[in-house]
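Asks:
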Amino acid sequence: MTAEATALSGPRFPVARLRGPLILLLVILASYAVIAFGAGEQAPAQFINAVTIGALYALIALGYTMVYGIIELINFAHGEIFMCGSFVSWSVITTMGITGAITDIPRLVIVLVVVFLISMLVMGVVGVIIERFAYRRLRNAPRLAPLITAIGVSFILQNIISVGISNSVVTIPQLIPNTKLDFGVFSISVINVFVIALALALMVALHLFITQTRLGTAMRSTAMDREAAQLMGVNINTTIAITFFIGSALAGAAGVVQGLYIGVTVFNIGFNYGLKAFTAAVLGGIGNTTGAVLGGFVIGFLEVISQVYGYANWSEAVVFGALVAVLIFRPTGILGQQLADRA
Amino acid sequence: MTAEAALGTTTATSAADAAAGSGTGMILSARAVTKRFGGLVAVRAVDFEIPRGSIVSLIGPNGAGKTTFFNIIAGLTEPTEGVIEFQEATIVARPVRAWAEPILWFALPAVTAVIAALALLAGISAVADVLVGLTAVVLVGSLLIAVIRPRWYLNLLPRFGIFRSARPNDIVTFGIGRTFQNIRLFANMTSLENVLVGMHSRMHATLPDAALRLRRHRDEERTSRVKAREWLAYVGLKGRDDIAARNLPYGDQRRLEIARALASEPKLLLLDEPTAGMNPVETTQMTALIGKIRTELGITILLIEHDMRVVMGVSDRVTVLDHGEKIAEGTPEVVRADPKVIEAYLGAPTA
Amino acid sequence: MTATSTVPPRRPSPIGRIRAFFGGHQSLAIIAGAAVVLLVLPQIALLPPFSGFGTQKDWVGGFSNAGVFVLLAVGLNVVVGLAGLLDLGYAAFFAIGAYTYAYGASPFLNLHIPFWIMLIVGAAVAAAFGILLGAPTLRLRGDYLAIVTLGFGEIVPVVILNANNYTNGTNGITGLAQPSAYGLFGVDGFGFSNPWPYFVTVVGIVMVTMILLYRLQDSRLGRAWVAIREDELAAASMGINTVTTKLLAFSIGATTSGLAGVFYASKLGVVTPDQFGFTVSFTALAMVVLGGMGNTLGVAAGAFVIYEIQSTGLKQLGQVVQSLHLPVVALGPIKVDIGSINFINYQYLLYGLALVGMMLLRPEGLFPSRRRRQELHEDTDEVAEFKSAETLEAIDR
Numbered sequence: 000m001t002a003e004a005t006a007l008s009g010p011r012f013p014v015a016r017l018r019g020p021l022i023l024l025l026v027i028l029a030s031y032a033v034i035a036f037g038a039g040e041q042a043p044a045q046f047i048n049a050v051t052i053g054a055l056y057a058l059i060a061l062g063y064t065m066v067y068g069i070i071e072l073i074n075f076a077h078g079e080i081f082m083c084g085s086f087v088s089w090s091v092i093t094t095m096g097i098t099g100a101i102t103d104i105p106r107l108v109i110v111l112v113v114v115f116l117i118s119m120l121v122m123g124v125v126g127v128i129i130e131r132f133a134y135r136r137l138r139n140a141p142r143l144a145p146l147i148t149a150i151g152v153s154f155i156l157q158n159i160i161s162v163g164i165s166n167s168v169v170t171i172p173q174l175i176p177n178t179k180l181d182f183g184v185f186s187i188s189v190i191n192v193f194v195i196a197l198a199l200a201l202m203v204a205l206h207l208f209i210t211q212t213r214l215g216t217a218m219r220s221t222a223m224d225r226e227a228a229q230l231m232g233v234n235i236n237t238t239i240a241i242t243f244f245i246g247s248a249l250a251g252a253a254g255v256v257q258g259l260y261i262g263v264t265v266f267n268i269g270f271n272y273g274l275k276a277f278t279a280a281v282l283g284g285i286g287n288t289t290g291a292v293l294g295g296f297v298i299g300f301l302e303v304i305s306q307v308y309g310y311a312n313w314s315e316a317v318v319f320g321a322l323v324a325v326l327i328f329r330p331t332g333i334l335g336q337q338l339a340d341r342a
Numbered sequence: 000m001t002a003e004a005a006l007g008t009t010t011a012t013s014a015a016d017a018a019a020g021s022g023t024g025m026i027l028s029a030r031a032v033t034k035r036f037g038g039l040v041a042v043r044a045v046d047f048e049i050p051r052g053s054i055v056s057l058i059g060p061n062g063a064g065k066t067t068f069f070n071i072i073a074g075l076t077e078p079t080e081g082v083i084e085f086q087e088a089t090i091v092a093r094p095v096r097a098w099a100e101p102i103l104w105f106a107l108p109a110v111t112a113v114i115a116a117l118a119l120l121a122g123i124s125a126v127a128d129v130l131v132g133l134t135a136v137v138l139v140g141s142l143l144i145a146v147i148r149p150r151w152y153l154n155l156l157p158r159f160g161i162f163r164s165a166r167p168n169d170i171v172t173f174g175i176g177r178t179f180q181n182i183r184l185f186a187n188m189t190s191l192e193n194v195l196v197g198m199h200s201r202m203h204a205t206l207p208d209a210a211l212r213l214r215r216h217r218d219e220e221r222t223s224r225v226k227a228r229e230w231l232a233y234v235g236l237k238g239r240d241d242i243a244a245r246n247l248p249y250g251d252q253r254r255l256e257i258a259r260a261l262a263s264e265p266k267l268l269l270l271d272e273p274t275a276g277m278n279p280v281e282t283t284q285m286t287a288l289i290g291k292i293r294t295e296l297g298i299t300i301l302l303i304e305h306d307m308r309v310v311m312g313v314s315d316r317v318t319v320l321d322h323g324e325k326i327a328e329g330t331p332e333v334v335r336a337d338p339k340v341i342e343a344y345l346g347a348p349t350a
Numbered sequence: 000m001t002a003t004s005t006v007p008p009r010r011p012s013p014i015g016r017i018r019a020f021f022g023g024h025q026s027l028a029i030i031a032g033a034a035v036v037l038l039v040l041p042q043i044a045l046l047p048p049f050s051g052f053g054t055q056k057d058w059v060g061g062f063s064n065a066g067v068f069v070l071l072a073v074g075l076n077v078v079v080g081l082a083g084l085l086d087l088g089y090a091a092f093f094a095i096g097a098y099t100y101a102y103g104a105s106p107f108l109n110l111h112i113p114f115w116i117m118l119i120v121g122a123a124v125a126a127a128f129g130i131l132l133g134a135p136t137l138r139l140r141g142d143y144l145a146i147v148t149l150g151f152g153e154i155v156p157v158v159i160l161n162a163n164n165y166t167n168g169t170n171g172i173t174g175l176a177q178p179s180a181y182g183l184f185g186v187d188g189f190g191f192s193n194p195w196p197y198f199v200t201v202v203g204i205v206m207v208t209m210i211l212l213y214r215l216q217d218s219r220l221g222r223a224w225v226a227i228r229e230d231e232l233a234a235a236s237m238g239i240n241t242v243t244t245k246l247l248a249f250s251i252g253a254t255t256s257g258l259a260g261v262f263y264a265s266k267l268g269v270v271t272p273d274q275f276g277f278t279v280s281f282t283a284l285a286m287v288v289l290g291g292m293g294n295t296l297g298v299a300a301g302a303f304v305i306y307e308i309q310s311t312g313l314k315q316l317g318q319v320v321q322s323l324h325l326p327v328v329a330l331g332p333i334k335v336d337i338g339s340i341n342f343i344n345y346q347y348l349l350y351g352l353a354l355v356g357m358m359l360l361r362p363e364g365l366f367p368s369r370r371r372r373q374e375l376h377e378d379t380d381e382v383a384e385f386k387s388a389e390t391l392e393a394i395d396r
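Going down the list, the sequences are from chains A, B and C.
Quick note on numbering that gives the first Met the number 0: the first sequence kicks off at 0 and runs consecutively.
Quick note on numbering that gives the first Met the number 0: the second sequence kicks off at 0 and runs consecutively.
Quick note on numbering that gives the first Met the number 0: the third sequence kicks off at 0 and runs consecutively.
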């Protein structure tokens, strides 16, 4: 209602619609300034690092925000889905016999496609299975039940990986060679370019899907009013399943990125990443996909800024502190809630 | 003719009430109350008064702002404009100087922080350390006070010209009770337990009393249960103490809500559509109960109702809202014949 | 108007009568239970097959550790089960209690305050932190509340880990003093080799705590907690100060956790930040949920059972399965050698499965309170005329 009012009476420039990207731009500029102040020469490299990490968090945060938007459940197991995605990519890479970067570009492309497709598909299916068997029956139960179930599922996943594959750090061969592109003032690695470009592409694809396709509209309507959507002929179960599939697939993609960019994974990174990604989702406005992206980058910047200023150990506390602050002072997040009215 | 007289008990508030006297005879007066939700004006500049001991009905088409008005009186929403006085004390109003509150909270910590900084600059690090610690403690304390808002803090605010509306639980303590349009009983608690919760604000045994099972606690629990049963019997639910509220038939649930509201010993009772969904027999019984509450217990009643038989049958006065504005007020007969009222309900006559 | 029953009343069986008596006199029931635990449990440890798993001393030591978790579970039950506030960071108060004892009774600050006094001090400090950490959560709804408390539960160990000057960081604080009975019952300092004094102490603490908690549950405050859980808005509209009521829930829960922390620290002799992570919060939550939220006794029993399974049961199960010599199973990169399964590694898997299974099949837990079972099965049509043993007779407890 207020958006309407502003559109009718406000300036010609569509400020309201572009709020998200504008804030993102602001955040980027401010963060660069802060990083530059603390890191000096290293600033460009750290900045690029922050953007990449932010993209990673954003990919995971999207899954959280989509699921919360549609069934109001904080899917605790989502972080573990990301973790499993990284292990799936490790699995595929080692099964294919690859041990290091691939310099032959056609081959690289094929391998990347295969790894991403398999990881995203597998994790998407796992997400759907989890929803079907653990969450579906509890859709109308008091909030505590699905939350506890989600925690249970997260432990199950962690344990399967820790006992089935390894309970210590696993190295993932980094497929993309670390060629630097030199732009004089700064140099950026191909890996960064790829990750950021891919993440952006996936986010744009998701946005288009949600806004332009029938299924996307079904998802949005289910999120706003499940009963009404049902009455309009939307198949709720399928819609929710698709939401989980997409969210989990994105987390799977994030898992591959973890291997590409950071090169290691452990069975228990899901908890930490999950919490940070959830913070990102809440920060941006839970239920709002643009917000999840914004939040992801903000958290990425916060983390790198803590490291740059020498407070790496405290980065967790900083991020959680940000979460608490947001929930207390602006629970709807930076971009507010795009979806239904919570009475 | 008070609740206390009927039940043979006394509470701390009754003495104060007796002393307050009747003043202008208005137990509640609302002046220029307005409520805006973004662009939507739900209640527009409503003036409203309720004479002590009367039964007043608030009617109007759906969406007229009646329940919003109730919620404002009950403290669930703050009005955008206007003032509501209950027994000559302002209980609800647009926040005044709300911005000044944070200044209050941070004033003391700011002072200690400045002194700490001065000490640091002067090089007296030991004192500075202590002061930094003190600042942290005072800051935390202030924030806690901001969150908990104890009574002494709320009484302090007017001295700084700050006004914040009373919270719902305080409004109950002042003496206003209410029921809800869509019954909001504690579904999994028994009738008796629901009424006991209603008595919460009138019970005074403390935590240590309860933990150590001191006499004060035991006696209060015993008498409370007796009183609660009496309230249940009063509304016609005798013997249904142990039934879970969600298992009661609809009519009994409405009665239970009233018993729960009565248990807080209100001076003013707000009933939101008490006869909604009832058949004629139940409606007649409910109307009789409402009358009984006013006559026997001396409680003033404000009623939101759609059933005109109830409105006409029991009200001393009727006020009509439409689209958030008061369009008519007076005795039931006067209002019934008012063309504006007819138009609001039935629409304008076609030319 | 009265609904008179046409079914003739049943004569209560002897067991029913005992139940009614103890139901009506909770304090006596708890004291009796404590006596049973003290006298009978150690004897059971001497019987096979339990005697095969360890000496009586080992068992009694294990019971003391179980007691810590019983305390944690019972305290968390107040927050989660009674007030309905989903606290996922409960270990924070456990840590605070433990570190308070470390400050008060070790060479670190060179203070040597007696254990019994530290119990009170630790409880008070934890209570204060309960208010502190609970205050920001007051306006948050269920899920968000859970996440914020989870956040606090993470922040506290991180702070302890990094604030080296104040907490000695990863190395923790060592040399914690042991309690002393000052010659009562012939016992002086407790000593690491003798588990009995610790056992008696923890049973005592649990007993007193449970009695106090039951009494609070059956009071104005307990009803306020249930009302807030049912419908917070209606509760506020009936005169309940939701702010203070919720803070009291946090605070009282934190106090119990603090007591557990003090005892745990005194028994272990050392505190380090890694002892207080999410696994502790999660274990306590699992115990509350599986035991039967809202039912103090059920939660205590559940906590004890789960702890014993976790500490002894899984190891024994592993040995049993090992003796069966089962084959190896391979699923792609995941190889599972069933024969040599170390069940301890799987405990979180089992926890997870147990929790998921519980939520799907019996969300009210193993020993739920009648009210909770009713709440969670709202689609059933049983007319729940449950007797007010939980309410009426409570006056005399």
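Each residue gets a CB set at the ideal place from its N, CA and C atoms; glycine is no exception.
Here the structure is a predicted model, which is why all the values come from computation and not from measurement.
How far does the alpha helix (DSSP H) with residue 250 (chain C) in it extend, from its first residue to its last?
Replies: That run of the alpha helix (DSSP H) goes 241 to 267.
Asks: Output yes if chain C places a C-beta closer than 8 Å to the C-beta of residue 20 (chain B); else output no.
Replies: At residue 20 (chain B), the pLDDT of 44 sits below 50, so the modelled position is not reliable and the matter cannot be decided from this model.
Asks: Just checking, does the region 272 to 290 of chain A make contact with the region 70 to 78 of chain A on the three C-beta pairs under 8 Å criterion?
Replies: yes
Asks: Quick one: is residue 373 (chain C) near chain B, going by C-beta distance under 8 Å?
Replies: It does: the Cβ of residue 373 (chain C) has a partner Cβ on chain B nearer than 8 Å.
Asks: According to DSSP, which residues form a beta bridge with residue 84 (chain B)?
Replies: B:28, B:89
Asks: Which term fits residue 342 (chain B), buried or exposed, when burial requires 16 or more other beta carbons within 10 angstroms of its beta carbon?
Replies: exposed
Asks: Are there 16 or more other CB atoms within 10 angstroms of the CB of residue 116 (chain C), so buried, or fewer, so exposed?
Replies: exposed
Asks: Let me check understanding here. Comparing Cα to Cα, which of A:167, A:228, A:140 lies closest to residue 374 (chain C)?
Replies: A:140
Asks: What separation, rounded to the nearest whole angstrom, lies between the Cα atoms of residue 232 (chain A) and residue 301 (chain B)?
Replies: 44 Å
Asks: Cα separation between residue 120 (chain B) and residue 127 (chain B)?
Replies: 9 Å
Asks: Suppose the cutoff is 6 Å on Cβ atoms and the five residues either side in sequence are ignored; what does the same chain contact list for residue 268 (chain A) look like?
Replies: 82
Asks: Once DSSP output is grouped into helix, strand and coil, what is the label at residue 255 (chain B)?
Replies: helix
Asks: Answer yes or no: does any C-beta atom of chain C fall closer than 8 Å to that of residue 197 (chain B)?
Replies: yes
Asks: What does residue 329 (chain B) pair with, by DSSP beta-bridge criteria?
Replies: B:317
Asks: Between residue 96 (chain B) and residue 132 (chain B), what straight-line distance do the alpha-carbon atoms span, to the nearest angstrom?
Replies: 31 Å
Asks: Hey, residue 299 (chain A) and residue 53 (chain A) are a contact pair by Cβ (cut 8 Å); roughly how many whole angstroms apart?
Replies: 3 Å
Asks: Residue 361 (chain C) CB to nearest chain B CB: under 8 Å?
Replies: No - not a single Cβ of chain B is within 8 Å of the one on residue 361 (chain C).
Asks: Applying a beta-carbon distance threshold of less than 8 Å, which residues of chain B neighbour residue 243 (chain C)?
Replies: Annotation: Cβ neighbours of residue 243 (chain C) in chain B (cutoff 8 Å, chain order): 147.
Asks: Buried or exposed: which applies to residue 243 (chain A), given that a residue is buried once 16 or more other Cβ atoms fall within 10 Å of its Cβ?
Replies: buried
Asks: Ends of the beta strand (DSSP E) at residue 42 (chain B)?
Replies: 39 to 50
Asks: Does chain B have any CB closer than 8 Å to the CB of residue 153 (chain C)?
Replies: no
Asks: Using a Cβ-Cβ distance under 8 Å, would residue 327 (chain A) count as near chain C?
Replies: yes
Asks: Spatial neighbours of residue 160 (chain B) within its chain, please: C-beta separation below 6 Å, excluding the five flanking residues on both sides.
Replies: 96
Asks: For a minimum of 3 consecutive residues, which ranges assigned as the beta strand (DSSP E) are wholly contained in the region 87 to 169 of chain C?
Replies: Runs of the beta strand (DSSP E) inside the region 87 to 169 of chain C: none found.
Asks: Would residue 136 (chain C) and residue 147 (chain C) be called neighbours here (beta carbons separated by less than 8 Å)?
Replies: yes
Asks: Determine the chain A residues that contact residue 201 (chain C) at a beta-carbon separation under 8 Å, and present them in chain order.
Replies: None at all; the shortest Cβ gap to chain A is about 27 Å.
Asks: Taking the alpha helix (DSSP H) that residue 201 (chain A) belongs to, which residues open and close that run?
Replies: 189 to 211
Asks: So the alpha helix (DSSP H) residue 254 (chain A) belongs to, where does it begin and stop?
Replies: 235 to 256
Asks: Do residue 286 (chain C) and residue 305 (chain C) have their C-beta atoms within less than 8 Å of each other?
Replies: yes
Asks: Name, going along the chain, the residues of the region 290 to 315 of chain B whose beta-carbon falls closer than 9 Å to a beta-carbon of chain C.
Replies: none
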